[in-house]
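Numbering (my numbering), first residue to last: 5 to 241.
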Amino acid sequence: MRRESITCKTLLVMLALAMLTAFPLTMQGSPLYHNFVILPELTVTSGQAFAMSVSLHNEAALEGLILPLQIRLVDCINIDSISFVGSRLDGHGAVSTLINNGNHAALIDFSAYAKDAEISDFLPAGDGVIATFYLKVAPDAAPVAVVVDTTIFYGGGGIYTLYDTTGVNVEDYFVSGLIHVVKENPDVTRCLALHEGWNLISWDVDTPDDDVETIVKDIKGCIDVVLGFEQGAATYD
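What follows is the structure, encoded as structure tokens:
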């Protein structure tokens, strides 16, 4: 009985490994067959304008692509524009976009001009950026982790959709990315108590931002900076 149990467990493990080999997963959890979309993980600060690139890997030419994106559950990020300049879609077929900041959502819709595999308007097989989104964080945004995904929006059905050169739907998958909004580091003020005459000041420079030359650069004349004065494990200016 125990031998049969061990054999059964072994077979289950082998079957699971075989399925994983046949249907591996992307970072977003989507089956990785021949085509997949990649959304990045970014860190931005409150008030920052930034770019987010969307990439596509496809092993065969495509006639069409529908990619709906939505910024989930927050109002602190707006989509300003979408650019295809220098992207894989630049110069191929027709691309339309739709931005709805009421829903913090956008849609990319690419289609080739002709249904002929010999026409260059089809998106060739390849890998790389297909679009760049330009966004901005509200200046008063609190720290938060923001999910960007292919949610249900304008008929996207919660997925991105790819079509081969015969118009057949070849991929329908959900994908997500992440934007970490953090507070910008506050300015640090350093005060040096100076007296009439010469002052000898030591300054710990173990941290790169504490550069005494930068601190006193606006004071004109009568300043000598000696670098490399060491005491124990610390180095001083």
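C-beta atoms are modelled at their ideal positions from N, C-alpha and C, and glycine is treated no differently.
Helix, strand or coil at residue i [DSSP, three-state]
i, result
"Phe40", "strand"
"Glu175", "strand"
"Leu71", "strand"
"Pro28", "Unreliable placement is indicated for Pro28, whose pLDDT of 40 sits below 50; the coordinate value is still reported in the next sentence. The answer is coil: DSSP assigns Pro28 none of H, G, I, E or B."
"Ala164", "Position check: residue 164 holds Tyr in this sequence, whereas Ala was assumed. Reduced to three states, the DSSP call for Tyr164 is strand."
"Thr170", "coil"
"Val150", "strand"
"Gly51", "coil"
Member of the options whose CA lies at the smallest distance from the CA of residue i
i, options, result
"Tyr167", "Ala55, Leu182 and Ala116", "Ala116"
"Ile70", "Asp131, Ser57, Val41 and Pro143", "Val41"
"Val99", "Asp113, Phe137 and Gly106", "Asp113"
"Thr154", "Arg76, Gln52, Glu67 and Pro147", "Arg76"
"Ser57", "Thr101, Ala146 and Tyr138", "Tyr138"
"Leu111", "Thr169, His184 and Tyr164", "Tyr164"
"Val78", "Val174, Gly106, Thr170 and Val172", "Gly106"
"Gly132", "Gln52, His61 and Phe54", "His61"
"Asp176", "Leu46, Gly68, Ser91 and Thr47", "Gly68"
Proximity below 8 Å, CB of residue i to CB of residue j
i, j, result
"Glu63", "His96", "no"
"Cys80", "Ala149", "no"
"Leu127", "Leu73", "no"
"Ile83", "Ala135", "no"
"Pro44", "Gly130", "no"
"Ala65", "Thr169", "yes"
"Ile183", "Val152", "yes"
"Lys140", "Ala55", "no"
Integer-rounded CB distance, given that residue j should sit under 8 Å from residue i
i, j, result
"Ser50", "Glu188", "6 Å"
"Thr47", "Val186", "6 Å"
Exposure of residue i, with buried meaning 16 or more beta-carbon neighbours within 10 Å
i, result
"Val89", "exposed"
"Val179", "buried"
"Ala145", "buried"
"Val172", "exposed"
heavy atom of the ligand NAD below 7 Å from residue i C-beta
i, result
"Asn62", "The ligand NAD is not part of the structure shown, which contains no ligands of any sort."
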